[in-house]
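Below is one structure; the comments refer to it alone.
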Amino acid sequence: MFVSEDLSVNEKNHLVIGSNDTVELAKEFGTPLYVLDEELIRKNCRIYKEAIDKYYDGNGLVLYANKALCTAYTFKIAQEEGLGGDVVSGGELYTAIKAGFPMDKIYFHGNNKTAEELEMAVENGVGHIIVDNIYELEMLNEIAKARGVVQNIMFRIKPGIDAHTHSYIRTGQIDSKFGVALENGEAFEIYERAHMMSNVNPDGLHCHIGSNIFDVDPFCEAAEVMMNFAGDLKDRLGLEIKKLNLGGGYGIMYTEKDDPVPYDEYIKHVSEVVKTIAAKRGLNIPFILMEPGRSIVAPAGITLYTVGGIKDIKNVRKYVSVDGGMGDNPRYILYESEYAAVIANKAGDAPTDKVTVAGKCCESGDILLNDTMLAPAEVGDTLAVLATGAYNYSMASNYNRIPRPAIVAVSGGKAKVVVKRETYEDLIKNDVF
Ligand code: LLP
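Here the sequence shown stands for residues 1 to 433, where the numbers follow my numbering.
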């Protein structure tokens, strides 16, 4: 009935996440409120871990991509589940350090890391830095030299694969700001250069072809290209690639229209390609890394809002306004992303009313769902938007000086605040009066 398997309806006709009544959660913690189902996050982590065990004999590591949702809490869960972490900025790295996350399991990304960020990474013993370009390579080699260490690195390669997803989140093609291309020899040259440097150790390859992808084929094609490139590096430079990082990007079900491939399936097909090319090119099977973000946390999250004004503009449109919007979920205004929603206090009622759910920001494009079907809404209802666990809180803003909502994690019928609601005082704390 719902896009997420962990949602149900109780005897009060209320939406339930895990074993928690969402109407009660809204009452206790206020709205807007992000709610995360911890059991589902853990289950999703295990699907990937088990796939590595099954298809690569455990010779690999799942890195949770923190850009999807980066908090002390998510680092704790990832650590407990035995995952590593992909971080993409000094801020994400700082959160990992503060959370006590093992630094050797951190892979540091970014297409324009600053000298300060690289210093911070080297100083804290980050396991791998995914170097984006020649400028960064030279800077990093100097930083590592000054500290007398050899930093493990890999480069982000554009494998030349065009994944069928929104153009803003497609990254594997040559016309991309991320990484170095194969077609024009850039990728080969940068490995050759790094191979001669004293304080970096290029022991791996990385690619990430895009996000929210629903086909297996582009992942298989990318793996084939990468393994063949590993073969070229061995043949031409004598450089043996020990680690292959295939990025994230697995699609999820936001609405009934989405039909994601089970994650285990992607990994199975990709592993066949990796093994075939390894045999063909005389390579050892590399240590496999993958970086799922969205597919681990998105399905486990919902956002609860309170319905305010309802505007039925005859023969035009019916707007249902809620107490959040593009500040806590900018994905509609950025990508026209679609979501499913349900009135949490009427969760079993038939969705008979076509409405547009609007946020409270001073912006016409501040929409959460356009032309969606809901049970008839009334002022004071609790609206739940589903599958908001990824790229919602992490992309939230304070536009219109609206405080960011709290995040509550539920597990075994218990709920705990894992990120506090911002206060007005938080909003002005950096203002100089
Ligand atoms: N690894 C790398 C190097 C990435 O750039 C990304 C996402 C991931 C892993 C995780 O991909 P996932 O498994 O979450 O698809 N804000 C956009 C998504 C941007 C994704 C950027 N990179 C959205 O809301 O759809």
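Positions of the beta carbon are idealized from the N, C-alpha and C atoms, including for glycine.
Only a predicted model underlies this, so the values are computations on that prediction, with no experimental measurement involved.
Item	Value
Own chain, CB closer than 6 Å to tyrosine 339, minus 5 neighbours either side, in chain order	Tyr254, Leu369 and Val385
Buried versus exposed, by CB contacts within 10 Å (16 or more), isoleucine 313	exposed
Inter-residue spacing [alpha-carbon to alpha-carbon] between glutamate 50 and histidine 206	22 Å
Residue closest to lysine 414, alpha-carbon to alpha-carbon, out of Glu24, Glu5 and Val3	Glu24
Near the ligand LLP: glycine 204 beta-carbon under 7 Å from a heavy atom	no
Residue closest to glycine 127, alpha-carbon to alpha-carbon, out of Tyr64, Ile134, Thr114 and Tyr107	Tyr107
Heavy atom of the ligand LLP within 7 Å of glycine 365 beta-carbon	no
Residues that DSSP places opposite methionine 373 in a beta bridge	Lys354
Valine 3 - DSSP class collapsed to helix/strand/coil	coil
Beta-bridge partners of alanine 409, as assigned by DSSP	Leu36 and Lys416
Where the beta strand (DSSP E) through phenylalanine 155 begins and ends	151-158
Contact test: histidine 128 Cβ vs the ligand LLP heavy atom, cutoff 7 Å	no
The ligand LLP heavy atom lying under 7 Å from the CB of proline 262	no
beta-carbon aspartate 132 near the ligand LLP non-hydrogen atom, thresh 7 Å	no
Cβ shell of isoleucine 47 (< 7 Å), same chain only, five flanking positions each side left out	Tyr263 and Asp264
Per DSSP, the bridge partner or partners of tyrosine 250	Ile213
Where the alpha helix (DSSP H) through valine 62 begins and ends	That residue, valine 62, is in no alpha helix (DSSP H); its beta strand (DSSP E) goes 60-65.
Residues bridged to serine 321 [DSSP beta-bridge criterion]	Ala358
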